[in-house]
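Enquirer:
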Amino acid sequence: MMRFTGSAFAVLVVSGVAGSTARADPTLQDLLAIQLRAQGYACDKPLKAERDDKLSKPDNEAWTLTCSNATYRVSRVPDLAAKVEEIKPEQQGKK
């Protein structure tokens, strides 16, 4: 019985290790892109997210999210939809 229990435990450990997949935690730009997509905006591939310290306030963070197809200014307030503004290429660098 002890041999069976030890073998069963070894099989469970090996199958658990083999069955687990390394999954990376989503990055900030991934989370912002998910929120934008949920609100109907297109963000094919999030490239970077930068916090805008001038526009950010307590409980109201402002971010510039650069995607492969567009750039957005995103203001996030807890428990509300994000305020999203697409930044056109000619507007980049201006605030």
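Using the numbering used here, the first residue of the sequence shown is number 1239, and each one after it goes up by one.
All C-beta atoms in this analysis are idealised placements derived from N, C-alpha and C, irrespective of residue type, glycine included.
#1: Let me confirm a value: Leu1270 is counted as buried when at least 16 other C-beta atoms fall within 10 Å, else exposed. Which label applies?
#2: Return yes when the Cβ of Leu1303 is within less than 7 Å of the Cβ of Tyr1310, no when it is not.
#3: Cβ of Trp1301 within 7 Å of Cβ of Ala1280?
#4: Measure the alpha-carbon distance for Cys1305 versus Glu1328 and round it to whole angstroms.
#5: Based on the DSSP secondary-structure assignment, which residues constitute the bridge partners of Lys1321?
Expert: According to the structure data:
#1: Residue numbering aside, residue 1270 sits at position 32 when the sequence shown is read from its first letter. Flag for Leu1270 reads buried.
#2: Indexing the sequence shown from 1 puts residue 1310 at position 72. Indexing the sequence shown from 1 puts residue 1303 at position 65. It is a contact, given that the beta carbons lie within the stated cut-off.
#3: Position 63 of the sequence shown, counting from 1, holds the residue named residue 1301. Position 42 of the sequence shown, counting from 1, holds the residue named residue 1280. No, the Cβ-Cβ distance between Trp1301 and Ala1280 is not below 7 Å.
#4: Walking along the sequence shown from the start, residue 1305 turns up at place 67. Walking along the sequence shown from the start, residue 1328 turns up at place 90. Each residue's Cα considered, the two are about 16 Å apart.
#5: The residue given as residue 1321 occupies position 83 in the sequence shown. Answer is Ser1313, bridged to Lys1321.
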